[in-house]
Amino acid sequence: MTVPGQRVFEVTADRIAADLESGGAAPGDRLPPERDLAVRYGVSRVTLRSALAELAERGIVASAASRGWFVSPPAVLPTTGVQGFAELAAAKGLPTSARVMESEVRASTVDEADRLGIAPGAPVFSLVRLRAIDGNVVVHEHNRIPLAICPEIVDVDFRTASLFTTLRTASPPQIPIVANYEVEARHPTAEERSLLEILDATPVLVADQVALNADRKPIEMTRAVYRADRYRFRGSIAH
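Its first residue numbered 126, the sequence shown is counted upward by one per residue in this note's numbering.
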């Protein structure tokens with residue numbers, strides 16, 4: 126599947142980026158020769174070079190005179206960007222579990238369409254999960270994804286699968302590079318108190334996110350309601 130309007134070299138760049146990430150490429154690793162890459166991805170050398178130049182602009186690879194192409198330092202690799210709940214927990218060695226409360230395709234609302242950059246009523250995949258770490262409920266999460274970018278998502282079992290891994294392995298890959306993220310603290314609703322097993326005056330942190338790919342196109346939106354006593358938000362501010 127290709128995204129309407131996406132050029133061949135952009136599709137190739139997305140495929141290479143996804144393969145580097147899924148293959149565990151490390152900073153400084155040398156890419157195969159251009160000739161071999163062109164054969165692997167079924168494109169001309171000209172298209173391959175355009176794809177590599179695109180990846181260089183994204184900060185994923187860099188070239189060295191007469192030495193070929195190399196994976197860039199980790200500060201600019203996609204894996205240091207947007208990560209999902211399961212990925213963040215796995216990085217800390219914490220076991221996760223999920224109860225799927227909703228998994229369906231439906232028409233997008235006006236607000237969803239506006240935030241996802243699609244036409245009102247265009248189909249979205251709506252996923253609602255209650256997620257836990259080491260058996261302790263942490264977050265009630267609602268994700269919405271434009272169905273057009275990943276039709277195969279309807280067949281995924283999200284009791285165990287990672288949403289962002291599913292997007293990264295789509296065809297073409299949908300790699301979340303950056304996200305617009307808002308967080309607010311408030312009192313939980315009665316439903317949230319029940320779902321998150323809140324028995325006292327514990328507040329919740331509500332996070333709204335829209336994840337964008339390398340072309341700055343929205344690929345996913347999330348509303349996550351966290352137990353504030355089991356979640357800490359940490360960010361960096363740069364001038």
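Beta carbons are placed, not taken as given, at the ideal position from N, Cα and C, and that holds for glycine. Treat the numbers as computed from the prediction; the structure is a model and nothing was measured.
What distance in whole Å lies between the Cβ atoms of residue j and residue i, which are believed to be in contact at a cut-off of 8 Å?
| i | j | result |
| --- | --- | --- |
| residue 268 | residue 355 | Rounded, the Cβ-Cβ distance is 20 Å, inconsistent with contact. |
| residue 349 | residue 300 | Rounded, the Cβ-Cβ distance is 20 Å, inconsistent with contact. |
| residue 138 | residue 180 | 5 Å |
| residue 163 | residue 173 | 4 Å |
For residue i, count the other beta carbons within 10 Å of its own beta carbon; 16 or more makes it buried, fewer makes it exposed. Which is it?
| i | result |
| --- | --- |
| residue 293 | buried |
| residue 352 | buried |
| residue 264 | buried |
| residue 209 | buried |
| residue 176 | buried |
| residue 319 | exposed |
| residue 315 | exposed |
| residue 220 | exposed |
| residue 289 | buried |
| residue 346 | buried |
| residue 232 | exposed |
| residue 252 | buried |
| residue 145 | buried |
Looking only at DSSP bridge pairs, what is residue i linked to?
| i | result |
| --- | --- |
| residue 232 | 248 |
| residue 222 | 257 |
| residue 310 | 330 |
| residue 279 | Note: residue 279 sits in no beta bridge, so no partner. |
| residue 293 | Bridge partners of residue 293: none, in fact. |
| residue 195 | 155 and 187 |
Among the options, which has the Cα closest to the Cα of residue i?
| i | options | result |
| --- | --- | --- |
| residue 302 | 156, 185 and 347 | 185 |
| residue 357 | 347, 187 and 309 | 309 |
| residue 258 | 224, 288, 281 and 331 | 224 |
| residue 307 | 291, 326 and 334 | 334 |
| residue 142 | 183, 164 and 242 | 183 |
| residue 136 | 283, 343 and 296 | 296 |
| residue 133 | 144, 152, 168 and 284 | 168 |
| residue 234 | 271, 283 and 312 | 271 |
| residue 255 | 285, 337, 343 and 194 | 285 |
With respect to 8 Å, is the separation between the Cβ of residue i and the closest non-hydrogen atom of the ligand GTP below this value?
| i | result |
| --- | --- |
| residue 209 | Ligands in the displayed structure: none, and consequently the ligand GTP is not present. |
Taking DSSP as the reference, what is the three-state secondary structure of residue i?
| i | result |
| --- | --- |
| residue 188 | strand |
| residue 271 | strand |
| residue 205 | Per-residue confidence for residue 205 stands at a pLDDT of 39, beneath the threshold of 50, marking its modelled position as unreliable; the derived number appears in the next sentence. Residue state, collapsed to three classes: helix. |
| residue 343 | strand |
| residue 333 | strand |
| residue 132 | coil |
| residue 352 | strand |
| residue 358 | coil |
| residue 266 | strand |
| residue 322 | coil |
| residue 284 | coil |
| residue 315 | helix |
| residue 164 | helix |
Hey, does residue i have any beta-carbon neighbour from chain D nearer than 9 Å?
| i | result |
| --- | --- |
| residue 297 | As a matter of chain content, chain D is missing from the structure shown, which is built from one protein chain. |
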